[in-house]
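Below is one structure; the comments refer to it alone.
In UniProt numbering, the protein residues as written are 1 to 97.
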């Protein structure tokens with residue numbers, strides 16, 4: 001593996017671990033960290049540059065998924081529920097006048 005490719009993979013690995021540690025739920029956090037470590041260990045002996053690039057692209061997509069999941073924290077969920085309740089009350093008052 002070329003030095004730049006190695007550095008890119010290590011940066012991606014660190015970024016995925018760092019982002020997954022922001023999950024507020026313990027089970028999600030530990031599952032994500034375990035899954036990331038297992039996936040990188042499983043593919044550590046890959047030598048084919050094309051396959052490495054495919055794995056890097058998959059890891060980048062997975063990092064994007066992790067980042068999109070993070071804003072849905074319990075506080076954010078509570079806010080969404082409050083908005084839903086307010087909307088329901090508004091619609092209910094309009095429908096049953």
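Where is the CB? At the ideal position from N, CA and C, for every residue including glycine.
Just so you know, these numbers come straight off a predicted model, no measurement behind them.
Legend entry - Where residue 86 sits in the DSSP three-state scheme: helix
Legend entry - Reduced DSSP category for residue 24 - H, G, I as helix; E, B as strand; rest coil: coil
Inset, instruction - Write down the C-beta distance between residue 15 and residue 23 rounded to the nearest angstrom, noting that I regard them as a contact closer than 8 Å. - result: Residue 15 to residue 23, Cβ: 15 Å. No contact.
Inset, instruction - Can you say whether residue 93 is buried or exposed, counting buried as having 16 or more other CB atoms within 10 angstroms of its CB? - result: exposed
Legend entry - Secondary structure of residue 48, DSSP reduced to three states: coil
Legend entry - Neighbourhood of residue 12 by C-beta, 6 Å cutoff - its chain only, sequence neighbours within 5 removed: Excluding positions up to five away in sequence, the list reads 59.
Inset, instruction - Assuming residue 55 contacts residue 43 (C-beta within less than 8 Å), just tell me the rounded distance between them. - result: Cβ-Cβ separation between residue 55 and residue 43: approximately 6 Å, consistent with a contact (criterion under 8 Å).
Legend entry - Classification of residue 50 by the beta-carbon crowding that lies within 10 angstroms, buried from 16 upward: exposed
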